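What follows is one structure encoded as structure tokens, with my remarks underneath.
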Amino acid sequence: MKKEQGTAFSDLVLDIGATSKEEALSFGVSLGDMVLYDNPFCYTKNPNRLISKSIDNRYGCGLALEAMRAFHDIELPYTLIIGATVQEEVGLRGAETSVNYFKPDVFLVLDASPVNDALDKDALGGLGKGFLLRMYDPKNIMHQGLMAFFTKLSKKHNIKMQHFVSMGGTDAAVALDLNEGVLATTIGLPARYIHSTAAMMDLRDLDEARKMLYTVLKTLSPKLIQELKESNS
Numbered sequence: 091m092k093k094e095q096g097t098a099f100s101d102l103v104l105d106i107g108a109t110s111k112e113e114a115l116s117f118g119v120s121l122g123d124m125v126l127y128d129n130p131f132c133y134t135k136n137p138n139r140l141i142s143k144s145i146d147n148r149y150g151c152g153l154a155l156e157a158m159r160a161f162h163d164i165e166l167p168y169t170l171i172i173g174a175t176v177q178e179e180v181g182l183r184g185a186e187t188s189v190n191y192f193k194p195d196v197f198l199v200l201d202a203s204p205v206n207d208a209l210d211k212d213a214l215g216g217l218g219k220g221f222l223l224r225m226y227d228p229k230n231i232m233h234q235g236l237m238a239f240f241t242k243l244s245k246k247h248n249i250k251m252q253h254f255v256s257m258g259g260t261d262a263a264v265a266l267d268l269n270e271g272v273l274a275t276t277i278g279l280p281a282r283y284i285h286s287t288a289a290m291m292d293l294r295d296l297d298e299a300r301k302m303l304y305t306v307l308k309t310l311s312p313k314l315i316q317e318l319k320e321s322n323s
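In case it helps, the working numbering puts the sequence shown at residues 91 to 323.
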């Protein structure tokens, strides 16, 4: 592990044993092929922690699928729409289409966020301490009423939560800017080494994120949503 990554793609050479361009082509190699380390899913010696590629954002997709199953037969006082968006990393494009199409009152994002607690004891956010409540990122300062709602709910139900600040962003940013401004926030999963083939997460944080999501969905009502919209102070 190291804090800084100074290696450029132009510095890398992959030796596959070919003696010529023709032989490399005969191996099935083509210009532009992606090369990745083969890091299979595995648990660490600590059974609560696992290593996998694409935790950002298999976490979000997986928890969304679990929520579909959990709430399939539950009558709610509002319309619940659950899905997965595309192209978040290159412009929040799927989220923008979704918000324009469905016109939601509340937009909850499930996304993994990078934490650096292994290398920095003072880092904000860490594994095994609960889900991340994203207070600030460059495109979304959390609605104060929504923050108070999440904080109160997590305390009431003993859900472990970490207040978090990030210099990255999530799909919540685009919802905040669309229509008349949508109540939007992120229920984050802390993860080390995201955007790599060997990211690490803690299953206990996933449990807390799941509890928070389910508790929020069971608590919301049209009246409460309106109160939240009017409580940004």
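Cβ coordinates follow ideal geometry from the N, Cα and C atoms, glycine included. Bear in mind that the values here come from a model prediction, so they are computed numbers and not experimental data.
Assuming S321 and G235 make a contact with CB atoms under 8 Å, what is their CB distance in whole Å?
For the purposes of this step, residue 321 is taken as residue 231 along the sequence shown, with counting starting at 1. For the purposes of this step, residue 235 is taken as residue 145 along the sequence shown, with counting starting at 1. So it is a contact: roughly 3 Å between Cβ atoms.
How close, in whole Å, do the beta carbons of L217 and P137 come, if the pair is a contact with beta carbons under 8 Å?
Indexing the sequence shown from 1 puts residue 217 at position 127. Indexing the sequence shown from 1 puts residue 137 at position 47. 13 Å between Cβ atoms; not a contact.
Is it a yes or a no for the stretch 222-232 touching the stretch 150-160, going by three-plus beta-carbon pairs under 8 Å?
no
By Cβ distance, which residues of its chain are closer than 8 Å to A202, with the 5 residues on each side in sequence left out?
Reading the sequence shown from its first residue, position 112 is the one you call residue 202. The answer, listed in chain order, is I145, D146, N147, Y149, G150, G278, L279, P280, A281, I284, A289, M291.
Whole beta strand (DSSP E) elements within the stretch 220-304, 3-residue minimum
Runs of beta strand (DSSP E) with 3 or more residues, each lying fully within the stretch 220-304, are found at 221-227, 251-255, 273-281, 289-292, listed in chain order.
Check whether the Cβ atoms of K193 and S286 lie closer than 9 Å to each other.
Here the question's residue 193 lines up with position 103 in the sequence shown. Here the question's residue 286 lines up with position 196 in the sequence shown. No, these two residues do not count as a Cβ contact at 9 Å.
T134 versus I141 - alpha carbon distance
Residue numbering aside, residue 134 sits at position 44 when the sequence shown is read from its first letter. Residue numbering aside, residue 141 sits at position 51 when the sequence shown is read from its first letter. Between T134 and I141, the C-alpha separation is close to 7 Å.
Between L214 and L310, is the Cβ-Cβ spacing less than 9 Å?
Here the question's residue 214 lines up with position 124 in the sequence shown. Here the question's residue 310 lines up with position 220 in the sequence shown. No, the Cβ-Cβ distance between L214 and L310 is not below 9 Å.
Please work out which residues of its chain come closer than 6 Å, Cβ to Cβ, to S244, disregarding the five sequence neighbours upstream and downstream, and give them in chain order.
Residue mapping note: residue 244 aligns to position 154 of the sequence shown, counting from 1. Answer for S244: M251, listed in chain order.
Quick check on the DSSP output: the alpha helix (DSSP H) that includes V196 runs from which residue to which?
Taking the sequence shown and counting its residues from 1, the one referred to as residue 196 is at position 106. Taken as a continuous stretch (DSSP letters only), V196 belongs to no alpha helix (DSSP H), being part of the beta strand (DSSP E) at 196-204.
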